[in-house]
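Presented below is the structure to which this report refers.
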Amino acid sequence: MEDKDLIRYSRHIMLPEIDIEGQISISSSKIAVVGLGGLGCSASVYLAASGVGELNLIDNDLIDLSNLQRQILFSEADLNKKKVDTAKIKLTSLNENIKVNSCNLRLSKSNIRKILEGSEIVLDCSDNFETRKVINAYCLNEKKILISGSSQGWKGQFFALDFRNENSPCYECFFEDLKGEDLSCRESSIFSPLVGIIGSFMASELIKKLISIGELKSEIIEIDLKQNIFRRLNLRKNENCLLCSKVKK
Ligand SMILES: [Zn+2]
908 MEDKDLIRYS
918 RHIMLPEIDI
928 EGQISISSSK
938 IAVVGLGGLG
948 CSASVYLAAS
958 GVGELNLIDN
968 DLIDLSNLQR
978 QILFSEADLN
988 KKKVDTAKIK
998 LTSLNENIKV
1008 NSCNLRLSKS
1018 NIRKILEGSE
1028 IVLDCSDNFE
1038 TRKVINAYCL
1048 NEKKILISGS
1058 SQGWKGQFFA
1068 LDFRNENSPC
1078 YECFFEDLKG
1088 EDLSCRESSI
1098 FSPLVGIIGS
1108 FMASELIKKL
1118 ISIGELKSEI
1128 IEIDLKQNIF
1138 RRLNLRKNEN
1148 CLLCSKVKK
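Shown next, in the form of structure tokens:
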């Protein structure tokens, strides 16, 4: 590690759980961020600042005035530009050490394998069920780690699933339970700081996974910022799940 990197990452390196070795692991990782809304913006800022080696950004939206209330990578001068292109410029200017790749496509069953190939962890910051399901199926089949978040109004939630563990539940195991309240509507109300908090949690879980800190539990964490309520619920594999119960063991 060069001297200037020792300075740049010194506050990480001073943490005994990270040290130089951990920072090198962070710097040599490749991850994907799907969706550059409020969650994707806040998560990717912390991932880039932390030195995550390669960020693959996937989003096919343009920057709209209504995004600026919470999507902290974008400013007024960026209106109507592609989110991935602007995000790449901002994140690269924050940290020249990292590689940022931009993909201006909507993920689908037919393109996901090619787009997410090489990304060891997938951060799902998408805003719709269809994309979430496609990402879940892909990560399950490829035995990757999926960290997924959503938010609406004052409430947000996130969960992490480690498909390297055969007993991990998948999104479809508990999707039916969440269907009524899963928070992913594009046009819904949203309290600005909420996406910063959920996105930061997602970045934190990802970085901890890269340096093997803490246990990646199959649980969902729900946060209600209006009342400052924080809840964690265990997620269990559904033996009748139409997706993961059919996976060959
Ligand atoms: Zn399942």
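So the sequence shown is numbered by my numbering: it starts at 908 and just counts up by one.
Note that beta-carbon positions come from the ideal geometry of N, C-alpha and C, so glycine has one too.
Considering residue i, what are the terminal residues of the beta strand (DSSP E) in which it resides?
i            : result
residue 1108 : Counting along the chain, residue 1108 falls outside any beta strand (DSSP E), though it belongs to the alpha helix (DSSP H) covering 1099 to 1117.
residue 1131 : 1126 to 1131
From the DSSP output, which residues share a beta bridge with residue i?
i            : result
residue 938  : 962, 1028
residue 1143 : Paired residues: none, contrary to the question.
residue 1069 : 1052
residue 888  : Within the shown structure, residues of the chain are numbered from 908 to 1156, placing residue 888 beyond reach of any answer.
residue 929  : Bridge partners of residue 929: none, in fact.
residue 1063 : 1058, 1130
Kindly indicate which residue of the options has the alpha-carbon position closest to the one of residue i.
i            : options                : result
residue 1009 : 969, 995, 925          : 995
residue 954  : 923, 1006, 1122        : 1006
residue 1033 : 1059, 1017, 1025, 1134 : 1059
residue 1069 : 1061, 1047, 1057, 1056 : 1047
residue 1035 : 1049, 1050, 1013, 1026 : 1013
residue 1116 : 924, 913, 920, 912     : 924
residue 959  : 968, 985, 929, 982     : 929
residue 1139 : 1073, 1118, 1127       : 1127
residue 1072 : 1051, 931, 1082        : 1051
residue 975  : 1053, 931, 1103        : 1103
residue 934  : 1143, 948, 949, 915    : 915
residue 1021 : 963, 1145, 1114, 951   : 963
residue 1082 : 1112, 1113, 1044       : 1044
residue 1144 : 1105, 1077, 1019       : 1077
Looking at residue i: is its Cβ nearer than 8 Å to the Cβ of residue j?
i            : j            : result
residue 937  : residue 961  : yes
residue 1147 : residue 1125 : no
residue 1063 : residue 1101 : yes
residue 991  : residue 1015 : no
residue 956  : residue 1002 : yes
residue 977  : residue 945  : yes
residue 1055 : residue 1065 : yes
residue 1108 : residue 1061 : no
residue 966  : residue 943  : yes
residue 999  : residue 981  : no
residue 1150 : residue 1049 : no
residue 997  : residue 970  : no
residue 1113 : residue 979  : no
residue 973  : residue 1118 : no
residue 939  : residue 1023 : yes
residue 1106 : residue 950  : yes
With respect to the alpha helix (DSSP H) encompassing residue i, which residues constitute its N-terminal and C-terminal limits?
i            : result
residue 912  : 910 to 915
residue 1039 : 1036 to 1049
Ordered list of beta strand (DSSP E) runs contained in the segment 935 to 1022, each at least 3 residues: 937 to 941, 961 to 965, 1006 to 1010
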